[in-house]
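Reading through the structure tokens given below for one structure.
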Amino acid sequence: MKTKAAVLYEYGKPLVIDELEVASPKEKEVLIRNRAAGLCHTDLSVMNGAARISQIPCVPGHEGAGVIQEVGPGVTRVKPGDHVLLMWVPACGDCYYCLRGQPYLCAEKDKTRGGAMMDGTYRLRKGSQNIPSMMGVGCFSEYNVVTERNVLAIDRSIPFDIAAVVGCGVITGVGAVINKAKVRPGSSVAVVGAGGVGLNVIQGAILANATKILAIDILDNKLDLAKRFGATHVINASREDPLKKVMEITGGIGADYAFEVVGSAATTLTAYKLIRRGGSVVIVGIPGLDATLTLPLAEIPVMEKSILGSLYGSGDIRVELITLLELYKAGRIHLEELITKRYRLEEINAGFKDLEAGKNARGVIVYF
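Mapping of the sequence shown onto the numbering used here: residues 0 to 367, in sequence order.
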């Protein structure tokens, strides 16, 4: 069958809207009709060549939701007609990491990260050329084939655009707070970067009953949104010294936790400076592969400062996603406000320009 897709043919160049061939799903695979796909900084990093985690040409997009159209032999988790969200880690449940409660580190994800299926073959094609699906998902295509481990059946009452953003941005931000940092009630939390994931760190801090939530960014529109999402204090780092302000707000102690959600060495160093003795920095943003960080090493043992990494929410992915959707239905987390603009697939390059300009918390491609 044919599909319309946004294809990355060359790093640093706009995506090309092209018509591709989609093969039928093989064993343990499903054909999905994508209905919504989030525009994430990770996609942008792949597109500009900073994060070369996928072969090119490829179809980017890893934050999506849609409807199962067809299932291959041996599929038991879903059936045609099911509404699903996409997960970019196809956790196997049996490897070293999965058996230790770390499915987000599953060894199997390396097989599909570059864009191939589990068997090393491809399901998208342009003429005689295979077109990989970024991270095994490639949801910037109206139709695509993924493994059944990449999909989670969801309640039909959940809008597709909401489900899409929960599948990466929401779980990443909330999970970093709840599962990795394990923020304690009454804590102070600094969030460096108030974009889509940063807003969900704020939501996680509220769920954890933090009492001081300090959002730091250089754009006032993002800080205004951070206040609406529950930040108790906002700091524009282009006009104010974040360290001075955080110390002022915390009585000269520093933050209990700081979350870096930008993905740069400079902002990671800023986050490190904001924490108190015994505090923790959680690095959520993914920097370029060549990024390095220089720290005063003695402070780590002498002041008991901790530096942690958090990937994809650092929890049981399927359980966490179900929990987040229940919290959404109960009105405990705010997701409609997270989606600040919707685009057609043909407008995807404009959507990424808006992302680069800091105009959106989350832009979403909606397939009609």
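Glycine residues also receive a C-beta, built at the ideal position from the N, C-alpha and C atoms.
With 16 other Cβ atoms within 10 Å as the buried cut-off, status of residue i
| i | result |
| --- | --- |
| residue 137 | buried |
| residue 78 | exposed |
| residue 0 | exposed |
| residue 10 | exposed |
| residue 179 | buried |
| residue 332 | buried |
| residue 369 | The requested residue 369 is not part of the displayed model; the chain covers only 0 to 367. |
| residue 100 | exposed |
| residue 233 | buried |
| residue 149 | buried |
| residue 143 | buried |
| residue 12 | exposed |
| residue 276 | exposed |
| residue 81 | buried |
| residue 111 | buried |
| residue 31 | buried |
| residue 311 | buried |
| residue 258 | buried |
| residue 292 | exposed |
| residue 278 | buried |
| residue 352 | exposed |
| residue 33 | buried |
| residue 216 | buried |
| residue 253 | buried |
| residue 162 | buried |
| residue 308 | exposed |
| residue 350 | buried |
| residue 368 | The structure shown does not extend to residue 368, since the chain spans only 0 to 367, so no value can be given for it. |
| residue 106 | exposed |
| residue 300 | exposed |
| residue 297 | exposed |
| residue 314 | buried |
Cβ pair residue i, residue j closer than 8 Å
| i | j | result |
| --- | --- | --- |
| residue 347 | residue 139 | yes |
| residue 122 | residue 116 | yes |
| residue 83 | residue 102 | no |
| residue 146 | residue 135 | yes |
| residue 29 | residue 70 | yes |
| residue 210 | residue 185 | yes |
| residue 168 | residue 361 | yes |
| residue 196 | residue 37 | no |
| residue 35 | residue 245 | no |
| residue 114 | residue 127 | no |
| residue 190 | residue 206 | no |
| residue 225 | residue 193 | yes |
| residue 182 | residue 256 | yes |
| residue 327 | residue 141 | no |
| residue 330 | residue 166 | no |
| residue 280 | residue 260 | no |
| residue 152 | residue 76 | yes |
| residue 2 | residue 19 | yes |
Enclosing beta strand (DSSP E) for residue i [first to last residue]
| i | result |
| --- | --- |
| residue 68 | 63 to 70 |
| residue 324 | Element bounds for residue 324: not the beta strand (DSSP E) but the alpha helix (DSSP H), 316 to 328. |
| residue 301 | Not the beta strand (DSSP E): residue 301 falls in the alpha helix (DSSP H), residues 298 to 301. |
| residue 18 | 15 to 21 |
| residue 305 | 305 to 308 |
| residue 361 | 361 to 365 |
| residue 83 | 82 to 85 |
| residue 233 | 232 to 235 |
Start-to-end residues for the alpha helix (DSSP H) that takes in residue i
| i | result |
| --- | --- |
| residue 53 | No alpha helix (DSSP H) holds residue 53; DSSP gives it neither H nor E. |
| residue 1 | Segment 1 to 6 is the beta strand (DSSP E) holding residue 1; no alpha helix (DSSP H) there. |
| residue 44 | 40 to 46 |
Min CB distance residue i to chain C below 8 Å
| i | result |
| --- | --- |
| residue 47 | Of the chains in the structure shown, none is chain C; there is only one protein chain. |
Quick one: any contact between the region 200 to 216 and the region 163 to 178, if contact means 3 or more CB pairs under 8 Å? Result yes; three or more Cβ-Cβ pairs closer than 8 Å.
If you pair each beta-carbon of the region 338 to 346 with each one of the region 321 to 329, do three or more pairs fall below 8 Å? Because the criterion of three Cβ pairs below 8 Å is not met, the region 338 to 346 and the region 321 to 329 do not touch.
Enumerate, from N- to C-terminal direction, the unbroken alpha helix (DSSP H) stretches of 4 or more residues contained entirely within the region 238 to 294. Given a length threshold of 4 residues, each whole run of the alpha helix (DSSP H) inside the region 238 to 294 is given here in chain order: 241 to 248 and 264 to 273.
What ranges does the beta strand (DSSP E) occupy inside the region 331 to 358, keeping only unbroken runs of at least 3 residues that lie completely in it? Counting whole runs of 3 or more residues, the region 331 to 358 contains the beta strand (DSSP E) stretches 338 to 342.
Counting beta carbon pairs with one atom in the region 355 to 362 and one in the region 214 to 221, are three or more of them shorter than 8 Å? The region 214 to 221 is in contact with the region 355 to 362.
Mind pulling the alpha helix (DSSP H) runs of 4 or more residues that sit fully within the region 93 to 158? Taking only runs of at least 4 residues, the alpha helix (DSSP H) segments lying wholly in the region 93 to 158 are 108 to 112.
Completely contained beta strand (DSSP E) runs for the region 168 to 228, where each covers 3 or more residues: Contiguous beta strand (DSSP E) elements confined to the region 168 to 228 occur at 187 to 191 and 211 to 216, taking only those with 3 or more residues.
With three or more beta-carbon pairs closer than 8 Å as the criterion, would you say the region 281 to 291 touches the region 250 to 268? Counting C-beta pairs closer than 8 Å gives three or more between the region 281 to 291 and the region 250 to 268, which meets the contact rule.
Counting pairs of Cβ atoms below 8 Å between the region 49 to 69 and the region 7 to 23, do you hit three or more? These segments touch.
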